[in-house]
Amino acid sequence: DIVMTQTPLSSAVTLGQPASISCRSSQSLVHSDGNTYLSWFQQRPGQPPRLLIYKISNRFSGVPDRFSGSGAGTEFTLTINRVEAEDVGVYYCMQTARTFRSFGQGTKLEIK
Amino acid sequence: EVQLLESGGDLVQPGESLRLSCAASGFTFSNYVMNWVRQAPGKGLEWVSTISSAFHTYYADSVKGRFTISRDNSQNTLYLQMNSLRAEDTALYFCAKDIGGPAGELAPDYWGQGTLVTVSS
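Protein chains in written order, with the working numbering: chain A, 267 to 378; chain B, 142 to 262.
Right, here's the structure in full:
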């Protein structure tokens, strides 16, 4: 099974400053169809997860353009261009490249 | 509007069974991959199971042999039959649909609010 490892596990960022979260997979996430199925989710307290990014860098409908994703193979990054107060929460990466799916441990984002 | 409404969560004793349901609306349920994901209190997200539109099923090692995912396309409902429950199965259980679409995008886009399962004696 693929293990997803996120760093850091927590981050405190000043409002208006950038933030980045890394996600590493134990195996390549390139699917047999040639696509790389790596997604990012935001979970605010008391809420279900919200899809932000899919296939490494595609923003889901309604997601602000300050969120962006990058990477390839086994190394991926979520970047928030200018952090806003509403961005507080826990962020998860997830691989759906294999039939046995898996999440990273989560990264808690706080405002400094 | 896509809606997913989980139900069936309860307090049960170790070794007992429970069936969760997820009522779907706002999309053509039969066309989409569906998932169960759980979150233990204060912990991260854990993928539990997935069922394809062709009824292929997949399970995390932690639940394989004890849980069964199924779908009733005539009722637009996803199920999770949970047998031989353990204390470590205590969690909020979410159902979620994949993006799907013509390109068959593989990522959960819409999620329900979850239903709480507590396993304790």
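Each residue gets a CB set at the ideal place from its N, CA and C atoms; glycine is no exception.
8 Å Cβ cutoff, residue i in contact with chain B
i, result
"Leu295/A", "no"
"Gly300/A", "no"
"Ser466/A", "Because chain A here runs from 267 to 378, residue 466/A falls outside it and cannot be looked at."
"Thr365/A", "yes"
"Pro274/A", "no"
"Phe333/A", "no"
"Phe342/A", "no"
"Thr271/A", "no"
"Gly372/A", "yes"
"Leu317/A", "yes"
"Ser288/A", "no"
Beta-carbon separation (whole angstroms), residue i vs residue j, contact threshold 8 Å
i, j, result
"Leu318/A", "Gln361/A", "Not quite, the Cβ-Cβ distance comes to about 15 Å (not below 8 Å), so this is no contact."
"Leu257/B", "Gly156/B", "Leu257/B to Gly156/B, Cβ: 19 Å. No contact."
"Ser368/A", "Trp188/B", "6 Å"
"Asn347/A", "Ser327/A", "The pair is not a contact, with the Cβ atoms about 19 Å apart (cut-off 8 Å)."
Beta carbon of residue i nearer than 8 Å to that of residue j
i, j, result
"Tyr251/B", "Val143/B", "yes"
"Gly372/A", "Cys289/A", "no"
"Ser190/B", "Tyr199/B", "yes"
"Thr345/A", "Ser291/A", "no"
"Gln313/A", "Val356/A", "no"
"Gly241/B", "Val174/B", "yes"
"Glu147/B", "Ser166/B", "no"
"Val204/B", "Thr231/B", "no"
Three-state class that DSSP yields for residue i in the structure shown
i, result
"Phe366/A", "coil"
"Ala351/A", "helix"
"Phe196/B", "coil"
"Asp299/A", "coil"
"Glu341/A", "strand"
"Asn285/B", "Outside the modelled stretch of chain B, which goes from 142 to 262, sits residue 285/B, for which no answer is possible."
"Phe170/B", "helix"
"Glu229/B", "helix"
"Glu142/B", "coil"
"Lys238/B", "strand"
"Thr271/A", "strand"
"Asn224/B", "coil"
Own chain partners of residue i with C-beta closer than 8 Å, once the 5 adjacent residues on each side are dropped
i, result
"Glu376/A", "Ser276, Ser277, Ala278, Val279 and Val354"
Chain A contact for residue i (CB, 8 Å cutoff)
i, result
"Ala232/B", "no"
"Ile240/B", "yes"
"Gln144/B", "no"
"Trp177/B", "no"
Residues near residue i in its chain [Cβ-Cβ closer than 7 Å; skip 5 each side]
i, result
"Leu159/B", "Gly149, Asp151, Val153, Met223, Leu226 and Val258"
"Ala181/B", "Thr231 and Ala232"
"Ser194/B", "Ser171, Asn172, Tyr173 and Val174"
Beta carbon proximity, residue i to chain E, threshold 8 Å
i, result
"Thr259/B", "Of the protein chains in the structure, A and B, none is chain E."
6 Å CB neighbourhood of residue i in its chain, flanking five on each side removed
i, result
"Thr302/A", "Leu295, Val296 and Ile322"
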